[in-house]
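Beneath this line is the structure, given in structure tokens, with notes to follow.
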Amino acid sequence: MAAKFGSKIGMIAATVGSAVGLGNIWRFPAETQANGGAAFLLVYIGCVLLLGIPVMLVEFSIGREGGTDAIGNYRRISPKSKWWLLGGMGIAASYMILTFYIVVAGWTLEYFVSALSGDLFTGIADGSASFEGKMKDYVSSDWKPIIFTILMIAANVAVLLMGVRKGIEKISNIMMPLLFLILVIFCVVALSLPGASDGLNFFLNPDFSKVNGSVVIDAMGQAFFSLSLGMGVLSTYAAYFPRDTRLGRTAATVSFLDMVVAFMMGLIIFPAVTSFGMQGESLEGATLVFVTLPEVFTRMPGTQLWAILFFMLLLLAALTSTISMSEVAIRFFQDRLKMSRRKAVLIVMLPLLLFGAINSLSSGLLADFKIFGLTIFDLLDTVATNIMLPLGALAMCLYAGWFAPKSLLARQLSNDARSQGVATRAVIFIIRWVSPIAIAAILIAQFN
Ligand code: PHE
Numbered sequence: 007m008a009a010k011f012g013s014k015i016g017m018i019a020a021t022v023g024s025a026v027g028l029g030n031i032w033r034f035p036a037e038t039q040a041n042g043g044a045a046f047l048l049v050y051i052g053c054v055l056l057l058g059i060p061v062m063l064v065e066f067s068i069g070r071e072g073g074t075d076a077i078g079n080y081r082r083i084s085p086k087s088k089w090w091l092l093g094g095m096g097i098a099a100s101y102m103i104l105t106f107y108i109v110v111a112g113w114t115l116e117y118f119v120s121a122l123s124g125d126l127f128t129g130i131a132d133g134s135a136s137f138e139g140k141m142k143d144y145v146s147s148d149w150k151p152i153i154f155t156i157l158m159i160a161a162n163v164a165v166l167l168m169g170v171r172k173g174i175e176k177i178s179n180i181m182m183p184l185l186f187l188i189l190v191i192f193c194v195v196a197l198s199l200p201g202a203s204d205g206l207n208f209f210l211n212p213d214f215s216k217v218n219g220s221v222v223i224d225a226m227g228q229a230f231f232s233l234s235l236g237m238g239v240l241s242t243y244a245a246y247f248p249r250d251t252r253l254g255r256t257a258a259t260v261s262f263l264d265m266v267v268a269f270m271m272g273l274i275i276f277p278a279v280t281s282f283g284m285q286g287e288s289l290e291g292a293t294l295v296f297v298t299l300p301e302v303f304t305r306m307p308g309t310q311l312w313a314i315l316f317f318m319l320l321l322l323a324a325l326t327s328t329i330s331m332s333e334v335a336i337r338f339f340q341d342r343l344k345m346s347r348r349k350a351v352l353i354v355m356l357p358l359l360l361f362g363a364i365n366s367l368s369s370g371l372l373a374d375f376k377i378f379g380l381t382i383f384d385l386l387d388t389v390a391t392n393i394m395l396p397l398g399a400l401a402m403c404l405y406a407g408w409f410a411p412k413s414l415l416a417r418q419l420s421n422d423a424r425s426q427g428v429a430t431r432a433v434i435f436i437i438r439w440v441s442p443i444a445i446a447a448i449l450i451a452q453f454n
């Protein structure tokens, strides 16, 4: 029998902790930048509402009904079927994402440490160093990023060994409010910068001529990635939800908070960029947070303090997300293969040392090793985010809507009420028809 979260707040904090991560703070501004600004934001919000929330409800229902690991849930709900394979794909996808996510998490730790020591800013003022040069150095040196990746793995192991309540729930309870507080401070500062309005214009004033197929698939991938959907992460957490948790309300709260964080990051980054006249410089999405923002900090009083605060924020967000990705596989080893928590944690986390190192080198030593024109790192990101997550989400909707026992969604969504309200019936309709058709259409359009 799996553990349960100890309190409602803790349950929300842990689930939001999984959702809010590098996806919101690093990936969202990068995708918005690459896809033309406000129009992407709108499509993204549409994807969260129409696809994200229903898929989240499916994962919650499967997880709480099954009450165990990503594979075991299907075995319990539909024994003698092959649906457990879907759980297996989820475990594979979440682990794949973990292998590169942990590397970016390592970079954030590296940035945090160098902000603390002041190294991040040495040589900038007199022009003998640049942030671009520093990022190259931090990211592509052979050993440094590997060391920091290892440190991040160790931090994960420490929290995971403490278990669901004392580890995951406790750390989320402290970190999530702190993260929101730091974000609000940054928002106030960024919005009061002179010239902020041009950035706001880019972020909030949509130019619909920019919407095309690739914007939509990127927005859908971003929505699933950001909400931790399509791979059994949230069904693993939902197994720890108490029986009386209202799933609809929880999904709405988590999605809303996740969108708010992404939105606030947009409000921070784009005004800062225009305010300091940097929009003309080659703004590449992936470097917005690591190159552009430090540049912004140097133009503000209290440079080092802002940098420390910001990279701490990024670090907290990354940690609570990597924990959730790891938990999927750990729960599997614990429940299915009857291992002790400690053994399961080690079996899942130790191989990361190797995979993390390979991914880390793909930004340095192995940067020229390309498959389909992408580095190993980009390939994993694209395949997992734009293909595996939507496929996983699609299959889950089909399963819950058409193949699972009919009572699954009805009971879970209404908390065992005898008759279902209009809202429950509407959600079930969306899960059976709207979400799968929309996801399939976007997926197919991608290949045309
Ligand atoms: N949702 C997390 C983020 O936005 C990333 C994540 C993806 C977490 C998949 C768990 C599973 O950073």
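This note's numbering numbers the first residue of the sequence shown as 7 and each following residue consecutively. Beta carbons: idealized from backbone N, C-alpha and C, even for Gly. Bear in mind that the values here come from a model prediction, so they are computed numbers and not experimental data.
Practice task
Check whether the region 311-320 touches the region 43-54, taking contact to mean three or more Cβ pairs, one atom from each stretch, closer than 8 Å.
Solution key: The region 311-320 is not in contact with the region 43-54.
Handout entry: Span separating the alpha-carbon of K14 from that of T251
Key = Here residue 14 corresponds to residue number 8 of the sequence shown, with the count starting at 1. Here residue 251 corresponds to residue number 245 of the sequence shown, with the count starting at 1. Using only the alpha carbons, I get a separation of about 8 Å.
Problem - Inter-residue Cα distance where the pair is A44 and N211 - result: Residue 44 sits at position 38 when you count from the first residue of the sequence shown. Residue 211 sits at position 205 when you count from the first residue of the sequence shown. Going by the C-alpha atoms only, they are around 5 Å apart.
Practice task
Label V190 either buried or exposed according to how many other C-beta atoms from any shown protein chain fall within 10 Å of its C-beta, with 16 as the threshold for buried.
Solution key: Within the sequence shown, the letter at position 184 stands for residue 190. The C-beta of V190 has fewer than 16 other C-beta atoms within 10 Å across all chains shown, which makes the residue exposed.
Problem - F186 (DSSP reduced to helix, strand or coil) - result: Position 180 of the sequence shown, counted from the first residue, corresponds to residue 186. In this structure, F186 counts as helix in the three-state DSSP scheme.
Practice task
Measure the Cβ-Cβ separation of A25 and L233 and say whether it is below 9 Å.
Solution key: Here residue 25 corresponds to residue number 19 of the sequence shown, with the count starting at 1. Here residue 233 corresponds to residue number 227 of the sequence shown, with the count starting at 1. Cβ distance < 9 Å, so A25 and L233 count as in contact.
Exercise for the section: With a threshold of 8 Å, establish whether the CB of M271 neighbours any heavy atom of the ligand PHE. Expected result: As a working mapping, residue 271 is identified with position 265 in the sequence shown. No; taking the cut-off as 8 Å, the Cβ of M271 has no heavy atom of the ligand PHE nearer than that.
Handout entry: Best match in M182, Y117, V279, K172 for proximity to P151 [C-alpha to C-alpha]
Key = Locating residue 151 in the sequence shown gives position 145, counting from the first residue. With distances taken between CA atoms, P151 lies nearest to Y117 out of M182, Y117, V279, K172.
Practice task
Report whether the distance from the Cβ of L239 to the nearest heavy atom of the ligand PHE is below 8 Å.
Solution key: Residue mapping note: residue 239 aligns to position 233 of the sequence shown, counting from 1. The sequence given here has Val at residue 239, not Leu. At a threshold of 8 Å, V239 counts as near the ligand PHE, since its beta carbon sits closer than that to one of the ligand's heavy atoms.
Practice task
Go ahead and pull the three-state DSSP assignment for G73.
Solution key: To locate residue 73, count along the sequence shown from 1; it is residue 67. Coil, per DSSP.
Practice task
Consider the C-beta atom of Y101 and the heavy atoms of the ligand PHE; say whether any pair is separated by less than 8 Å.
Solution key: Numbered from its first residue, the sequence shown carries residue 101 at position 95. Flag unset: Cβ of Y101 not near the ligand PHE.
Exercise for the section: Give the secondary structure of N41 by DSSP, where H, G and I count as helix, E and B as strand, and everything else as coil. Expected result: Taking the sequence shown and counting its residues from 1, one reaches residue 41 at position 35. In the structure shown, N41 adopts coil according to DSSP, grouped into three states.
Exercise for the section: Compare the C-alpha of V334 against each of A245, A363, W113 and name the closest. Expected result: Position 328 of the sequence shown, counted from the first residue, corresponds to residue 334. Per the Cα distances, A245.
Exercise for the section: Could you check if S178 is buried or exposed, using at least 16 other CB atoms within 10 Å of its CB as the buried criterion? Expected result: One-based indexing of the sequence shown puts residue 178 at position 172. Residue burial annotation: S178 is buried, with at least 16 other C-beta atoms found within 10 angstroms of its C-beta.
Practice task
Return yes when at least one heavy atom of the ligand PHE lies under 8 Å from the C-beta of V26, else no.
Solution key: Taking the sequence shown and counting its residues from 1, one reaches residue 26 at position 20. Yes - the ligand PHE has a heavy atom lying nearer than 8 Å to the Cβ of V26.
Exercise for the section: Count the other C-beta atoms from every protein chain shown that fall within 10 angstroms of the C-beta of R305, then say buried if there are 16 or more, exposed otherwise. Expected result: Numbered from its first residue, the sequence shown carries residue 305 at position 299. With fewer than 16 Cβ atoms within 10 Å of its Cβ, R305 is classed as exposed.
Exercise for the section: Round the Cβ separation of K79 and G227 to the nearest angstrom and send it over; I've been treating them as touching at under 8 Å. Expected result: In the sequence shown, residue 79 corresponds to position 73, counting from 1. In the sequence shown, residue 227 corresponds to position 221, counting from 1. The identity of residue 79 in the sequence shown is Asn, whereas the question assumes Lys. No, N79 and G227 are not in contact; Cβ-Cβ is about 24 Å, not under 8 Å.
Practice task
Work out the CA separation of F383 and R33 for me, nearest whole Å.
Solution key: The count along the sequence shown starts at 1 and reaches residue 33 at position 27. The count along the sequence shown starts at 1 and reaches residue 383 at position 377. Roughly 14 Å separates the two Cα atoms.
Exercise for the section: Compute the minimum distance between the beta carbon of R337 and the heavy atoms of the ligand PHE, and state whether it is under 8 Å. Expected result: On the sequence shown, residue 337 is found 331 positions in, with the first residue counted as 1. No, the Cβ of R337 stays beyond 8 Å of every heavy atom of the ligand PHE.
Exercise for the section: Indicate whether A406 and I364 have their beta-carbon atoms separated by less than 9 Å. Expected result: The residue you call residue 406 lines up with position 400 of the sequence shown. The residue you call residue 364 lines up with position 358 of the sequence shown. Contact: no.
Handout entry: Nearest-angstrom Cβ-Cβ length linking M402 and V64, presumed shorter than 8 Å
Key = By 1-based counting over the sequence shown, the position of residue 402 is 396. By 1-based counting over the sequence shown, the position of residue 64 is 58. About 5 Å separates the two Cβ atoms, so the contact holds.
Exercise for the section: Return helix, strand or coil for G16, following the three-state DSSP convention. Expected result: As a working mapping, residue 16 is identified with position 10 in the sequence shown. In the structure shown, G16 sits in a helix (DSSP, three-state: H, G or I).
Exercise for the section: Find the nearest neighbour of W90 within the set F106, G72, T105, M102, judged by alpha-carbon distance. Expected result: The residue labelled residue 90 in the question sits at position 84 within the sequence shown. Ranking F106, G72, T105, M102 by Cα distance to W90 puts G72 first.
Exercise for the section: Look up A401 in the DSSP assignment and say whether it is helix, strand or coil. Expected result: Sequence index remark: in the sequence shown, residue 401 carries index 395 (1-based). The three-state reading of DSSP puts A401 in helix, counting H, G and I together.
Exercise for the section: Report back the beta-carbon spacing between N162 and I329 to the nearest angstrom; my notes put them in contact at under 8 Å. Expected result: Translated into positions along the sequence shown, residue 162 becomes position 156. Translated into positions along the sequence shown, residue 329 becomes position 323. Right, their Cβ atoms sit about 6 Å apart.
Exercise for the section: Tell me whether N365 counts as near the ligand PHE, meaning its Cβ is closer than 8 Å to at least one heavy atom of that ligand. Expected result: For the purposes of this step, residue 365 is taken as the residue at position 359 of the sequence shown. Here the distance from the Cβ of N365 to the nearest heavy atom of the ligand PHE is not below 8 Å.
Exercise for the section: Could you name each continuous alpha helix (DSSP H) segment of 4 residues or more that falls completely within the region 262-347, going from the start of the chain to the end? Expected result: Segments of the alpha helix (DSSP H) lying fully in the region 262-347: 299-304, 309-341.
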